[in-house]
Amino acid sequence: MSIYNPKEIEQKWQKRWKEDGLYEAKDFAKDKKKFYHLVMFPYPSGDLHIGHWYNFVGADVAARKKMRDGFNVMSPIGFDAFGLPAENAAIKRGIHPKTWTYSNMETMRGQLRTTGTMFDWSREVVTCDPEYYKWTQWMFLKMYERGLAYRKKAPANWCPKDQTVLANEQVVDGKCERCGTEVVQKEINQWLFKITEYADRLLSDLEKLDWPEQTKTMQKNWIGRSEGAIIKFKVKSEKLKVKEEFIEVFTTRADTLFGATYLVLAPEHAMISHLKSRILNLSDVKEYIENAKRKTELERLSEDKDKTGVELKGVKVVNPANGEEIPVWISDYVLGSYGTGAIMAVPAHDERDYDFAKRYGLQIKEVIIPASHYADPRGTETQIHAELLSEAFIEDGILTDSEKFNGVTSEKAREEIVKWLEVKGLAKKKVQYKLRDWLISRQRYWGVPIPIIHCEHCGIVPVKESDLPVELPEVENYLPKEGQSPLARSEEFVNAKCPQCGQNAKRETDTMDTFVCSSWYFFRYADPKNEKEFANKKNLDYWMKPAGVDLYVGGAEHTVLHLLYSRFFTKVLYDAGLSPVDEPFGKMRHQGIILGPDGQKMSKSKGNVVDPDELVRDFGADAVRMYLLFMGPYELGGPWNPRGLVGIRRFLDRVWKISTNYKLQTTNSNLEILRNKTIKKVTEDIEDLKFHTAIASMMEYLNEMEKQESINKIDIETIIHLLSPFAPHFAEEIWQEIWKNKQSVFKEPWPVFDPKKIQEENISIAVQFNGKTRGMLNAARGVSQSEIEDLISRDEKLKKYLIGGPKKVIFIKDKLVNFVI
RNA sequence: GCCCAGGUGGUGAAAUUGGUAAACACGCAAGCUUCAGGAGCUUGUGGAAGCAAUUCCUUGGAGGUUCAAAUCCUCUCCUGGGCACCA
53 MSIYNPKEIE QKWQKRWKED GLYEAKDFAK DKKKFYHLVM FPYPSGDLHI GHWYNFVGAD
113 VAARKKMRDG FNVMSPIGFD AFGLPAENAA IKRGIHPKTW TYSNMETMRG QLRTTGTMFD
173 WSREVVTCDP EYYKWTQWMF LKMYERGLAY RKKAPANWCP KDQTVLANEQ VVDGKCERCG
233 TEVVQKEINQ WLFKITEYAD RLLSDLEKLD WPEQTKTMQK NWIGRSEGAI IKFKVKSEKL
293 KVKEEFIEVF TTRADTLFGA TYLVLAPEHA MISHLKSRIL NLSDVKEYIE NAKRKTELER
353 LSEDKDKTGV ELKGVKVVNP ANGEEIPVWI SDYVLGSYGT GAIMAVPAHD ERDYDFAKRY
413 GLQIKEVIIP ASHYADPRGT ETQIHAELLS EAFIEDGILT DSEKFNGVTS EKAREEIVKW
473 LEVKGLAKKK VQYKLRDWLI SRQRYWGVPI PIIHCEHCGI VPVKESDLPV ELPEVENYLP
533 KEGQSPLARS EEFVNAKCPQ CGQNAKRETD TMDTFVCSSW YFFRYADPKN EKEFANKKNL
593 DYWMKPAGVD LYVGGAEHTV LHLLYSRFFT KVLYDAGLSP VDEPFGKMRH QGIILGPDGQ
653 KMSKSKGNVV DPDELVRDFG ADAVRMYLLF MGPYELGGPW NPRGLVGIRR FLDRVWKIST
713 NYKLQTTNSN LEILRNKTIK KVTEDIEDLK FHTAIASMME YLNEMEKQES INKIDIETII
773 HLLSPFAPHF AEEIWQEIWK NKQSVFKEPW PVFDPKKIQE ENISIAVQFN GKTRGMLNAA
833 RGVSQSEIED LISRDEKLKK YLIGGPKKVI FIKDKLVNFV I
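Each residue of the first sequence is one higher than the one before, starting from 53 at the first, in our numbering.
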């Protein structure tokens, strides 16, 4: 009898699988259906952590099951290799970002092997390889060609001392991470992708996706479609001859227009400098704007209670509904990036406006009454008075104090008021999205250079496709230079010839957001070595049809950005006739987050990081795989409990023991029903990614098996088959080495269950009195109510409850009987 | 402040989706085995009372619907995650 030695057999099988190319997916396999199975490719941060294991191992179980179901499974892997940490390492420790990245990848490749995952390494994709980023640049050119890439001034975090642009991550408490200087917002010229052009489709196509509902909801909220209206407020002018000026606001509550008692502009609103000469308290206003510039957007929004603002004294606007002159304020609770950057404030019917009005003593005028309080059909009498309002009434109701619209419902008034003003040219309907265009410019070194040349004569000129890739130059200093990317330090890189006129010109020095690289990588896996195209159409048709990736598994932290950007890219490529599908990931699931043993997020500084390598050494990769999945629901994650792992190892030891040392029983197994039940349970649970209950049911099966006097071969074989996706090395060793089978267990068909054989003939029925269970009765399946009642009347323990006779009897076949006394 | 998850034994959790609450595992206790063990095996293990049969209580809290609620509804309190005060 041999002893289960995971270290030895795991290394052996990892090597054999690699040599045999067992997991290399074939393009266009004729005898099998394809299954494109994808995990989010990792960032090469240095070490593979337990969270990667959790993600990859869960997904791997599902993939292996598909393989055993006879699919041509492609389960590729690669690295999302551009990004800030490489640059930080370079700056701090003087290592070239490339050296740092490639050495991390090498480490992680080795660690990935030890997970026993069936990744097809022959398709590996690395986003910082010029062979890959050539096509990222090509994607940029496609965007540019289609009018979806454009340049404009956009704010960036700016450290005045270091003269550099900072990522949000590098801003700590509003200060520069490196030098502690207060960070300000600075407008610089940057590149954006027009994702807003796809807002409607990104929203409506969510419907056809098999994704978790919460994720869809989050994307919906992120896109944030709202129907409303643009309303124009005329700026009151002393001088009659001045051309008419208007401030436009966006509102979804045109019904409250008569209650608009002031206007608020975002501090960055263009109108402010335009009105400069008329503002009496200009120095106060300027000071406020300067202060606002110091705050990041997040900070502006996280200040809950103390909304601040300044009135633009000397400026008034006219409420187009009732002709009243109302004041204009600026406040940073209004964002320049949403809508028109200006709002009409209706303090009686909006919480934020209410708070602001209370703070600054502004007029609160109630114009909507709850329908239940509305008494006078003509609305001349207000039932609640604004002064008495203790909070804003934000729901729909009936209009009051709104002249000819009194008595009209909010819903109707929204339409009618806009129509009424539209005739005068003062309003129009508008669909507004929260979604903003995607800012892809980064003033950094370690990213894909944007393939653009700035020519004095021709303007912005794209690099010719035949000149791709524009390779990253060698530089010595990776710090951004005066607001420009470190690429600006390389004369050789910057100076180029204009592709149009051939004269001296300068290259764009910004690099692209790394999300651009990861927005199309799943296409590349279909044809990773193609030098002529990002992927061949035939390959794309084969792997991506009919609904994109068949299963995508990754963290919930990507519910918005990565997933939305990938969907956007796919739609653009689809429109250009370059993708066979307009959605990349037909089915997607998230795994949960593994927390440290203390219930906190794992981090090196907290010292609660779990090292998978150590666990593998002590218990074997198969046990680590199984334990991770046994801990709880896959989508939940949770704190790591270092003690539980021995339970799984014990289980594997026991399976090993009976598999290598069993006495064959020739008669039929007593466990036929349980065997069929277990196959059903494990099969269905893997499909649903409910790994923990699948493992529990295998444990129950083994427990029963061990209670038998002798064990039947079919039961042991079944458990090895069921175990194979979870503990692949273990199952392969028993299947091929111990039992001397000729081919891999992963080429064997998956066990099937007989639906007729999953029902026990004898069942137990719960006997309840007034809903309380007082006992159980054993009976044959399908037993009738009268038979049960008869049994109870003869049962010593139960019959006493029946004294007085039941008023009512509820009988659920094969489950319970409940007597209401 | 808003949005999304989630609260079940000492711990991770399960519950056929409204029908026996606590499967499976960890831990703990006792016993066996071992030179010894942080190894293995057996048994027990939600709480309270009782020698026991048994009884009562129990799914964050308070109400409600129902013959029957961990599951559905209302309110409320915590915990985790996300966020862009979106007009």
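Heads up, the beta-carbon is just placed ideally off N, CA and C, and yes, glycines get one too.
Helix or strand or just coil, what does DSSP make of GLY110? helix
Identity of the residue in PHE457, VAL380, GLY226 and ASP79 nearest ASN374 by Cα: PHE457
How would you call HIS321, buried or exposed, if buried means at least 16 neighbouring beta carbons within 10 angstroms? buried
TRP692 versus SER776 - alpha carbon distance: 24 Å
By how many angstroms is the C-alpha of LEU136 removed from the C-alpha of THR153? 11 Å
Taking contact to mean 3 or more Cβ pairs, one atom from each stretch, closer than 8 Å, check whether the stretch 509-520 and the stretch 563-580 are in contact. no
So ILE283 and THR308 are supposed to be a Cβ contact under 8 Å. How far apart are they, rounded? Rounded, the Cβ-Cβ distance is 11 Å, inconsistent with contact.
Quick one: grab the DSSP three-state call for TRP490. strand
Any chance the stretch 633-640 sits against the stretch 660-668, with 3 or more Cβ pairs inside 8 Å? no
Specify the secondary structure class of HIS321 as computed by DSSP and reduced to three states. coil
Looking at the secondary structure, which residues open and close the beta strand (DSSP E) in which TYR485 lies? 479-485
So LYS417 and THR313 are supposed to be a Cβ contact under 8 Å. How far apart are they, rounded? 5 Å
Counting Cβ pairs closer than 8 Å, one from the stretch 593-611 and one from the stretch 216-223, do we hit at least three? no
Which whole-angstrom value is the C-beta distance of TYR686 and GLY110, which I expect to be below 8 Å? 5 Å
Helix, strand or coil at CYS228 [DSSP, three-state]: strand
In whole angstroms, what is the alpha-carbon distance linking ARG826 and LYS859? 18 Å
Using the Cα positions of GLY600 and ARG727, report the straight-line distance between them to the nearest angstrom. 36 Å
Identify whether SER174 lies in helix, strand or coil by the three-state DSSP scheme. strand
For GLY499, collect the residues of the same chain with a Cβ closer than 7 Å to its Cβ; drop the 5 residues on either side in sequence, then sort them by chain order. PHE134, THR563, MET564 and THR566
The beta strand (DSSP E) that contains HIS506, what's its start and end? 504-507
ALA587 to TRP190 span [Cα, whole Å]: 12 Å
Given 8 Å as the limit, is there contact between the stretch 491-509 and the stretch 550-557, that is, 3 or more CB pairs closer than that? yes
Within the continuous beta strand (DSSP E) that includes PHE134, where are the two ends? Run containing PHE134: none; DSSP gives neither H nor E here.
Out of VAL380, ARG277, LEU334 and LYS268, which one is the CA nearest neighbour of GLU300? VAL380
Pairwise C-alpha distance: ASN124 and VAL177: 20 Å
Identify, in the order they occur along the chain, each residue of the same chain with its Cβ nearer than 8 Å to the Cβ of GLU724, setting aside the five sequence neighbours on each side. LYS809
Suppose the cutoff is 7 Å on Cβ atoms and the five residues either side in sequence are ignored; what does the same chain contact list for TYR485 look like? THR248, ALA251, ILE275, GLY276 and ARG277
If you compare alpha carbons, which of LYS481, ARG404 and LYS471 is closest to ALA444? ARG404
For SER796 versus LEU164, is the C-beta distance shorter than 8 Å? no
Is DSSP giving LYS204 helix, strand or coil here? strand
Quick check: the Cα distance between ASN241 and ALA206, rounded to an integer number of angstroms? 6 Å
When you compare each of GLU812, ALA318, ILE492 and ALA115 to TYR340 by their alpha carbons, which one comes out closest? ALA318
Starting from SER816, trace the alpha helix (DSSP H) both ways and give me its first and last residue. Here SER816 belongs to no alpha helix (DSSP H); instead the beta strand (DSSP E) covers 814-821.
Sequence-distant residues of the same chain with beta carbon closer than 6 Å to ARG175, five excluded per side: PRO128, TYR577 and PRO580
Go ahead and pull the three-state DSSP assignment for TYR314. strand
Looking at THR730 and SER749, is the spacing between their C-beta atoms short of 8 Å? yes
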